[in-house]
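Notes follow the structure.
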Amino acid sequence: MKKQFLVENINGITRVELLYKYTGNNEYKTKVMYQVGEFWKTELEIKDNPVIYKYVLNDFIRLNDCFANEYIKEDNDEVFSVYNSEDDIAYMEEGANLLPIHIKNNIIQKSNKIYEQLCSISISNYVKRYNVTEAGVATKNIIKAADKNVFILGKDKLIALYIDINNFKGIHSVTVFWHQPDGKIYRIEEKAIGDKNNKEMNAQVCFFIEMNWDKGLFYKNTWSYSVLIDGKMVRREYFVVKDSVKQSVYGYNSYFNAYS
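The numbers in numbering that gives the first Met the number 0 rise by one with no breaks, and the one at position 43 of the sequence shown is 42.
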């Protein structure tokens with residue numbers, strides 16, 4: 000039996016591969032995916048044992064399948080998607096969108112995707128404070144300050160993204176892309192939330208970058224960050240990094256009027 004794997008195209012993506020293995024195998028394999036319209040597609044021969052997989056975009060961006068019914072943690076705590084031959088996904092076209100219908104044992108299942116829920120996201124200035132223990136070891140505490148969208152080099156130490164996700168079950172992944180003002184990706188980071196227990200949970204995750212740059216040009220002006228849950232983008236917002244309070248920022252008002 001062949002199974003179709005499909006991922007939505009993202010602007011700037013020129014290559015997508017399916018990274019996969021069958022349960023019981025230790026080594027992952029890759030299969031090139033081909034772009035068809037707004038999606039990248041490939042097919043895989045499915046055996047009786049489940050397939051553990053992830054999508055690799057432009058050779059370094061690793062994302063889960065937001066259409067998957069289950070996710071697991073591998074040995075390094077990285078979250079992967081799971082396809083079981085008892086499950087299937089039919090894709091229904093609705094306008095320009097492709098909507099998944101989850102089927103298990105020939106019965107349509109109700110969707111339980113956490114990215115369909117509203118999650119609380121705020122960006123803040125965090126201050127590092129070091130406490131020295133009796134053993135002489137310095138421990139770092141990160142104290143949250145006020146929410147903000149303008150950061151000043153030398154005055155602010157960290158730019159932190161604080162995400163609350165409530166009322167979900169199982170294991171999931173939260174990924175954050177930080178984009179520099181020139182559009183290049185500054186950092187990508189993924190964190191796992193949840194566990195195998197089928198109980199409703201709440202989670203809070205924090206992603207941050209330290210403002211320890213030397214003076215230069217690449218960091219000044221308007222940055223953006225993208226938040227993805229299980230490979231599905233749920234939020235994109237903007238913030239500004241400046242050298243001083245008086246520095247004017249090109250595009251600041253238009254960005255925040257459009258995305259506030």
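By construction, the Cβ of each residue, glycine as well, lies at the ideal position given by its N, Cα and C atoms.
Check: Contact belief for I170 with A191 at Cβ below 8 Å, rounded distance in angstroms; Outcome: 6 Å
Check: Own chain, CB closer than 8 Å to Y70, minus 5 neighbours either side, in chain order; Outcome: N63, V78, F79, S80, V81, G169, I170, H171, S172 and D229
Check: CA-to-CA distance, T174 to K231, given in whole angstroms; Outcome: 9 Å
Check: Per-residue burial, M0 [other beta carbons within 10 Å of its own, 16 or more giving buried]; Outcome: exposed
Check: Bridge partner(s) assigned by DSSP for V240; Outcome: F150 and N220
Check: Reduced DSSP secondary structure (H/G/I, E/B, other) of K190; Outcome: strand
Check: Assigned secondary structure, C205 (DSSP; H/G/I helix, E/B strand, else coil); Outcome: strand
Check: Local conformation of M32 per DSSP, three classes; Outcome: coil
Check: D242 versus N220: straight-line alpha-carbon distance, rounded; Outcome: 9 Å
Check: Residue closest to N68, alpha-carbon to alpha-carbon, out of M32, I51, D74 and I158; Outcome: I51
Check: I45 in three-state terms, based on DSSP; Outcome: coil
Check: Coil, strand or helix - M232 by DSSP; Outcome: strand
Check: N196 to C65 span [Cα, whole Å]; Outcome: 20 Å
Check: Sequence-distant residues of the same chain with beta carbon closer than 6 Å to T56, five excluded per side; Outcome: At residue 56 the sequence reads Leu, which differs from the Thr that was named. The answer, listed in chain order, is I12 and V15.
Check: Three-state secondary structure (DSSP) of V126; Outcome: Because the pLDDT at V126 is just 41, under 50, the model does not fix this residue reliably, and the value given afterwards should be weighed accordingly. Here V126 sits in strand by DSSP.
Check: Best match in G36, L5 and N48 for proximity to K30 [C-alpha to C-alpha]; Outcome: L5
Check: Local Cβ density within 10 Å of G193, reported as buried at 16 or more and exposed below that; Outcome: buried
Check: Three-state secondary structure (DSSP) of D74; Outcome: coil
Check: Length of the line joining the Cα atoms of V240 and D58; Outcome: 29 Å
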